[in-house]
Each structure stands twice: as structure tokens, then as C-alpha cells.
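Everything below concerns the one structure shown next.
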Amino acid sequence: MALNTRNPLLLHEIAHHVASLCSLQERCDWAYTCKTIFAATVPIIWEHVYNVEHILQLIPGIKITKEPDPSVEGKTIISILLDEMALSEDWTRYWRYAPFVKRLTLFTPHILDGDRLRVQGWYILLVKLREGALLPNLHTLNTEAPYKTSPFDRLAWSALFLSPSLRVLDLDTGYCEQRIDPQRINSSSLLLAALSESLPDHSKNTLSVRYEHPSEHALVSAFPTEYQEGYRWFNNTPNLAHLRKLGLTVFHSPQLLCDALCVIGHLPLLERLKLDFGVGLEDEPDGGYDLNRTLPCSPTLFPSLRRLHLERVPNARIFRWIWGLKPLVSGISMARIDRRFSFNSQEFNTSIIQPMREGCPSLSNISISMFDRNQMGVLETACELVSRIPLKELELRGMANWGSYPVNHQTSTFTHLRRLCILAPLELGHWRECSKLVKALPNLEYLFIWPAVLTLETQSPDDAHIKPALQPIEIEIREPIVAQHLTKEAGKDHTRSLLLSCLKTVWPNASFLGGWIAHSDSL
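Take 6 as the starting number for the sequence shown in the numbering used here and just add one per residue.
Set out below in C-alpha cells:
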């Protein structure tokens, strides 16, 4: 905090700054110091709510109980009961804190991993929702619910906290039941129905199917024991035209996906789109899908989209088809790819690189998972990508090994790459291969690596064969994997000294980020 004697900070400003540096528990303790500090700290405490239970507890008359799940050891049944008194009671306490909430993650990983939720009294919350958004300043909403959540509860949870203020909405669950499909009543279909209302007529006419709000009869048929006909609970979706980031579960039918993209593409401010092809989806129909479907060439589609995340792409044909949808991909500068199809090194260029290079000439940042254990290594993959696409940033995830440095790139240099993140274990015996990055990447500014310590007898690379790179570079090192037969501390200490020796030999002007290695810089 800069010292300014002419304009000193007031107490509430100091309190706010201190709270911003604390953990959640420390913030709570800090808030109870005095009224001034409480008022300055409460907005920070409530800014990000990481479990919807904290918000529900503000509602008058609500009861939340937890008991062991008799059918699954170690899991919990969470029961949420709303009484009718909630409609007539004073909500002052709720509205004291609700306006501070800007980010909401409905459920923690512990709850998502096998716990069960039972909700009685949905109608009370959904009726209350008619008065306006329950979280009027909400910016980010993640609606993922536990696997055993019923379809109606999933729908209700996703609708409950929608607000015109939303900028980031993640409806992606990866489950088949939540995919985009006009024949299903789920959160994705309701969203598309709401967005379709503002489409111009000529855009609606290009759709092969229409997304519309489900009728009362359809809702009763789909949820006979939960939905109360006549209340029109799900017909008041707020205007979400200001969304900047959106995540959805999709089906790999080109027809359904094209229709959905035609609707989503009219969001004027959408900067990032995540499409998750999900799990447990049906096989392709006999004869395959019609991959001739495309998007209309309209400048009004995806005017602001710059980041595309593709999760669990099922096959190379669908992957190539997506990157051929020019209105979707032409403005992309960053792509994150998690594919579920295999390829060898010969197919890598035609299946992955070529479609991206041809589809989006401005692509400069790629994050890609590579789960083929016996196929390409880190070094070969990196060289193939940066030799064909002028990337500034590259992240490689899920790879099993670094492999050998490719012979055909021994003399290549890639001056455009600035940041390289490799989430694959680097055995210390492979440092000689790693050091070849120095010559290939003369302008590298940031490197992230993940060491693996399998033995304490690893030798350092031969200094005589390394021409050091003198550019400043920031290096971040993930805490290493240490073999079970080594003591953990011995492995860590050995790794610290060896890493610093090797990295300083390669990059003598490096600075180290993160607590694990940075404090050992003087070793």
C-alpha cells in the first residue's frame, strides 16, 4: 500500500484493504472487530459465495439438515425445507447481504462428489423470484449440481439465481440430460428459448427447430410430482444479453449444434464460449451425421468471441467440422481443447493443426490435452504446433512423457512463442532434452514445468554443451512428484538444488515464481 501523507487512507479504506489480503476465516474474525471494520469487510466476505447453503440460510423460515446417507458410506443427505412463512416474513436480513454477492458456485466439490440434496418448497423460492432477481448484482454463476440431483431440481437450481447482471454463466454439467436439445426441458433449452425471443425474424427463419418456453402442460407432463400447473415458474428468464462467458453441454449432432450456435451467436458481448460434448451420449446414427451443415455468413454472429473451449470432442470429423464454421472461429485468438479421439503423429497435422490454422488466422494461444499415452511426447507436440501456427502462448496438458527432441526441428527457432506451460511430469534425467528449448525459443518470457523425482542420482546436464539464453525469463515450478521409495523431504531438497543448478545454467537471468522454489533461490 503506497504511503500518501497528503491524502491518508480512512479507517474503512484501510479495513477494506486488509480484508482483501485475508483468508475467509480471517476476514470473518476481522469483521467482528468494530462496526466500521464490519461495514468495510462484509462486502468482501460475500463477494464470492462458494456454497449456496450460505445464501439459503439468510431466508426466513428455512431449515437445513444433514444426515449420513445409509446407502453410501461417507456421504451425506442434505435436506432443505422451506416453510410458507417465508413468503410473509421479513427478508431484511437477506437483502442486507444478497446485493454483495457477485460470484456464486452453487455446490462445493465435496457435495458434488456423491452427496444427495432434497428440496421441499421450491414453489416458495420460485414465487419470490417473480419480484425480481434474488441476487441482483450477480456477475458469475456456476450451476453444476450433484450427479444424483433430479431433473426438476437441476432445472430449478439453474433458474433460481439468474439475473440481468450476469456476465459469466456456466450451465455445463457434462451430463447427457443437460445437453442442448429442443425435445428436452432443461436449463440449456430454457436459456436458448429466452435468447431466441430477441432474435430478428430472418434469423429465426434459418433455424430448423424453434426453442420456445415449454407450455404448462409440457412442464406438468415432464415433472408431474414437482411442478404446479398455472404458476409459470420458468417463463420469466431475465434478459441475459450482457453475457460475456457461457458454458453449455452440447450434443454432437451438427443440426442441433448449428441451431444453438445461431441463437448464441447473437449475444453481442460474448467473449468466451465453452462447448462440452459430454459423456454417455448415443452413437452416431447409421450413415453418420450431415457434416455439410454450416452457419450463415453474417457479421452479426459472434462479433466479440475471442476464446473457444471445446471439451470432450468425440472424433476428428466433428473437430474439423467445428473449425470450418467460419462465423464461430474466424475471430478466435485463444483455444482450449480437450478431445476424446486418438491420433498418431502423422495424423496430428491433418486432424488438429490444419483445421485450426485454416479456420482462425488470428489464433495465438492454445491449451490442449494429449491423453494418448504411447503417441506423441511433449517436445514433438510443442514443435509441431509452434512450427505451423505462430503461437505466443502454448499449454500442454495430460501428457505422459516429454519424449525426444524431434530430429527435424534440431535447428529450428520459434521466435514468436513467449509463454510455455507444460503440465506433464519432467523426469530429471531428461534435462538434456529440455535444454534444447533454449535454442528453439530465444524470446521465451515464461516457463511452467512439473518435475518428477524418481532417483537421487540424476546428473546435471553437461554445461559445456549448453549455450545459455540471456533474456529475462520467469519460471514457475509445480511441486514435484517424488517416488515412493524416497523420503519426501529428501526428494524436495534434492530437487530444489538440482533444479536451480540446471535452470540457472540454461537461463542465468531467470527469476522464480511461487513459494515452492522461490524461497530457495539462494541455495
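Glycine included, every Cβ here is placed at the ideal spot set by N, Cα and C.
Does DSSP classify residue i as helix, strand or coil?
i	result
R322	helix
Y451	strand
S527	Any answer about S527 is weak, because its pLDDT of 32 lies below 50 and its placement is not dependable; what the coordinates show is given next. Here S527 sits in coil by DSSP.
Q125	strand
V173	strand
F157	helix
P430	strand
T529	This structure cannot speak to residue 529, because the chain is shown only from 6 to 528.
S303	coil
S193	helix
L61	helix
H22	helix
F228	coil
K71	strand
V214	coil
H53	strand
H77	For the record, residue 77 in the displayed sequence is Val; it is not His. Coil.
Y316	Before going further, note that residue 316 is Glu rather than Tyr in the sequence given. Strand.
R483	coil
A138	coil
R424	strand
I478	strand
Measuring only the C-alpha atoms, how far is residue i from residue j?
i	j	result
K331	C365	8 Å
R298	L26	51 Å
E31	A45	14 Å
E450	F348	31 Å
L131	N241	10 Å
H524	S163	Because H524 sits at a pLDDT of 41, beneath the cut-off of 50, its placement in the model cannot be relied upon, and the point is left open.
L248	Y216	19 Å
M361	W328	6 Å
P219	P477	59 Å
I83	V77	13 Å
Y294	P259	7 Å
T416	L160	56 Å
L196	R172	14 Å
P447	H414	14 Å
S28	T418	44 Å
W100	A198	30 Å
S335	E363	9 Å
S193	G252	10 Å
V148	V54	Before going further, note that residue 148 is Thr rather than Val in the sequence given. Cα-Cα distance, rounded: 13 Å.
H314	F324	12 Å
W127	K80	24 Å
I394	E352	16 Å
C439	S208	52 Å
A457	H115	29 Å
L134	L61	14 Å
L333	I85	42 Å
M381	T355	15 Å
I129	V225	18 Å
In chain order, what residues of the same chain have a beta carbon less than 6 Å from the beta carbon of residue i, not counting five sequence neighbours either side?
i	result
S244	Here residue 244 is Asn; the residue named in the question, Ser, does not match the sequence. Around N244: P169.
F453	C426, E481
R424	E398, Y451
K441	Y410
A474	V443, W512
S372	R341, E400
M404	M375, V383, A429
Between residue i and the rest of its own chain, which residues show a CB-CB distance below 8 Å, the 5 nearest in sequence each way excluded?
i	result
N142	P104, F105, V106, K107, S168, S170
A223	I190
S338	R311, R312, C365, S367, L368, S369, N370
D95	P65
E276	R249, K250, S309, L310, R311, R312
P273	A246, P308, S309
Take residue i and list the residues in its own chain whose beta-carbon comes closer than 7 Å to its own, dropping the five residues that flank it on each side.
i	result
A227	I190
L261	I185, D186
P319	H257, F282, R345, F346
M6	In this prediction, M6 scores a pLDDT of 49, lower than 50, which makes its location untrustworthy; no coordinate-derived value is stated.
L528	Note on L528: pLDDT 28, under 50, position unreliable in the model; the coordinate value appears next. Cβ within range, chain order: R501, S502, L505.
T38	none
F166	L109, L139, L140, L143, L146
A515	I478, I480, L508, K509
Should residue i be counted as a contact of the ligand SAM given a C-beta to heavy atom distance under 7 Å?
i	result
T154	The model depicted lacks the ligand SAM and carries no ligand whatsoever.
Counting Cβ pairs, one atom from each stretch, are 3 or more of them under 8 Å apart for the region 101-109 and the region 68-80? no
Can at least three beta-carbon pairs, one atom from the region 89-97 and one from the region 54-69, be found at a separation below 8 Å? yes
Just to confirm the assignment: which complete beta strand (DSSP E) runs, minimum length 3, are found wholly within the region 324-376? 339-344, 370-374
Unbroken alpha helix (DSSP H) runs of length 4 or more, entirely within the region 80-117: which are they? 97-102, 114-117
Hey, is the region 229-236 in contact with the region 297-316, meaning 3+ C-beta pairs nearer than 8 Å? no
Could you name each continuous beta strand (DSSP E) segment of 3 residues or more that falls completely within the region 233-293, going from the start of the chain to the end? 250-254, 277-281
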